[in-house]
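Engineer: Under our numbering, the final residue of the sequence shown carries the number 121; numbering is consecutive throughout.
Please find one structure pasted underneath; my questions will follow.
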Amino acid sequence: MLDINKLILAENLGHRESGEFAMDLEPWSEERALQLARSEGLDLNKKHMAVLRWLRDRYAECGPTENGRALSHAMEENFMTEGGLKYLYRLFPQGPVYQGCHFAGVPLPPGSLDQSFGSRH
């Protein structure tokens with residue numbers, strides 16, 4: 001079945017080689033992530049940084065995710081050995097997709113701020 005949203009997104013993105021999305025990322029440093037997190041009352045450690053680096057690497061390789069749920073599933077799968085979503089929510093209590101993307105400097109996927117999705121507003 002045709003998914004018009006995917007078609008529109010693909011049209012807007014054009015063809016890109018793997019890794020070309022890295023050019024779309026805003027300048028970022030671990031220090032900047034630490035400052036952002038501190039301003040929201042969260043102290044980041046090595047575990048947090050591993051998630052943030054994974055988000056940046058994934059965006060650089062794959063580009064924007066079609067929605068927040070798809071990114072959440074990808075995060076859960078990647079961090080399953082650590083505990084999956086429970087682990088990620090312990091690290092990012094306001095939502096691993098919302099806070100993770102925010103601190104990693106990657107764009108939020110569509111639908112990430114939907115109340116029914118479980119992210120912060």
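Glycine residues also receive a C-beta, built at the ideal position from the N, C-alpha and C atoms.
Predicted model, so just to flag it, every value in this text is computed and none were measured.
1) Helix, strand or coil: which one does DSSP assign to Val97?
2) Should Val106 and Arg69 be called a contact, given that it needs their Cβ atoms to be closer than 9 Å?
3) Considering only C-alpha positions, which residue in the set Gly111, Ala104 and Glu76 is nearest to Trp28?
4) According to DSSP, simplified to helix, strand and coil, what is Glu40?
5) Please classify Pro109 as buried or exposed, where buried requires at least 16 other C-beta atoms within 10 Å of its C-beta.
6) Would the region 62-77 count as touching the region 90-102 if we require 3 or more Cβ pairs under 8 Å?
7) Locate the alpha helix (DSSP H) running through Asn67, then write down its first and last residues.
8) When the distance is taken between beta carbons, is Leu52 closer than 9 Å to Gly83?
Structural biologist: Taking the structure as given:
1) helix
2) no
3) Ala104
4) coil
5) buried
6) yes
7) Premise fails: Asn67 is in no alpha helix (DSSP H) and is neither H nor E.
8) no
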